[in-house]
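Counting from 1327, one number per residue, gives the positions in the sequence shown under our numbering. Note that CB positions come from ideal geometry on N, CA and C, so glycine has one too. Report on the following structure.
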Amino acid sequence: MKKYYKALLFGSIGTLVETSEIQRKSFNQAFKKKGLNWYWTKEEYIKLLNKSGGSDRIKEYAKKKNTKVNAKKLRDLKTKLFNNYLKKNHLKLRPSVKNIINLCNKEKIRLAFVTSTSKNNINSILFSLRKSISQKNFSFIGNSKIVKNLKPNPDIYLLALKKLKLKPKECLAIEDSQESLNSAVNAKIKCIIFPGKFHLNKKFNNAYKKLSKLNKKIILR
């Protein structure tokens, strides 16, 4: 008899949908609106992704450019532009994600969205993905307001385990960045790295597996 995990935990927006290019363009739009002569190319943005958090990226870049900016306000404008794009456009799930979600539903494996991003981002993503997925698909959906410490701290995963009433060994996490992977590992949950296009060449420490495509074998214990 096949033995499955009891829950599959999608940890970040990027594990469901590819948004890095939309994010990059939103940053550049925000810079232009604020009269900044800044433009992040794909290559530059990939390097900047080593620093987590939009505000921190902006601060570091402003320091290099010897320019004073309100990083939080600039990040907030970028987020608004990003969310507006999502509300006007239908996005598609990453290849293989829909199949694994369907399989989990068939085998009665619970799904969770263990993200610690803002509620606005989550709502915009789910709205944009409404033709493929909905909030009802998930037994738990996290956000930045329900835990004290964000990733790479394990708080959001520990809360998910508590709400799902499951042990770490009964779950499998899927993440797309080292920082988020650390969050799952710190909660003692096995984690598959499923990197997006802007993270493909990065090395990931402590990942259970690194996959470019999800397959039915991952839910077998």
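8 Å Cβ cutoff met for residue i and residue j
{"i": "Thr-1341", "j": "Glu-1501", "result": "yes"}
{"i": "Leu-1417", "j": "Ser-1454", "result": "yes"}
{"i": "Phe-1564", "j": "Lys-1489", "result": "The structure shown has nothing for residue 1564, since the chain only spans 1327 to 1547."}
{"i": "Lys-1523", "j": "Gln-1504", "result": "no"}
{"i": "Ile-1299", "j": "Leu-1437", "result": "The shown model of the chain, from 1327 to 1547, leaves out residue 1299, and the question about it has no answer."}
{"i": "Ile-1451", "j": "Ile-1339", "result": "yes"}
{"i": "Pro-1494", "j": "Leu-1487", "result": "yes"}
{"i": "Thr-1441", "j": "Asn-1409", "result": "no"}
Start and end residues, beta strand (DSSP E) containing residue i
{"i": "Phe-1336", "result": "1333-1336"}
{"i": "Arg-1456", "result": "It is not in any beta strand (DSSP E) - Arg-1456 carries neither H nor E in the DSSP assignment."}
Three-state class that DSSP yields for residue i in the structure shown
{"i": "Leu-1375", "result": "coil"}
{"i": "Arg-1401", "result": "helix"}
{"i": "Glu-1433", "result": "coil"}
{"i": "Ala-1533", "result": "coil"}
{"i": "Leu-1412", "result": "helix"}
{"i": "Lys-1359", "result": "helix"}
{"i": "Phe-1353", "result": "helix"}
{"i": "Lys-1474", "result": "coil"}
{"i": "Val-1423", "result": "helix"}
{"i": "Ser-1444", "result": "coil"}
{"i": "Thr-1393", "result": "coil"}
{"i": "Pro-1521", "result": "coil"}
Beta-bridge pairing of residue i - partner residues as DSSP gives them
{"i": "Trp-1347", "result": "Reading off the sequence, residue 1347 comes out as Glu, not Trp. Its beta-bridge partners do not exist; DSSP assigns none."}
{"i": "Leu-1546", "result": "Tyr-1330"}
{"i": "Phe-1439", "result": "Phe-1336 and Ile-1467"}
Nearest-angstrom Cβ-Cβ length linking residue i and residue j, presumed shorter than 8 Å
{"i": "Leu-1540", "j": "Val-1423", "result": "6 Å"}
{"i": "Leu-1407", "j": "Ala-1356", "result": "6 Å"}
{"i": "Asp-1481", "j": "Lys-1471", "result": "Not a contact, Cβ separation roughly 12 Å."}
{"i": "Ser-1538", "j": "Gly-1337", "result": "Actually they are not in contact, since the Cβ atoms of Ser-1538 and Gly-1337 sit about 17 Å apart, beyond 8 Å."}
Extent of the continuous alpha helix (DSSP H) run through residue i
{"i": "Leu-1490", "result": "1481-1490"}
{"i": "Ala-1499", "result": "Note, Ala-1499: premise wrong, no alpha helix (DSSP H); beta strand (DSSP E) at 1497-1501."}
{"i": "Ile-1384", "result": "1380-1390"}
{"i": "Ala-1513", "result": "First-last for Ala-1513: undefined, no H or E at that position."}
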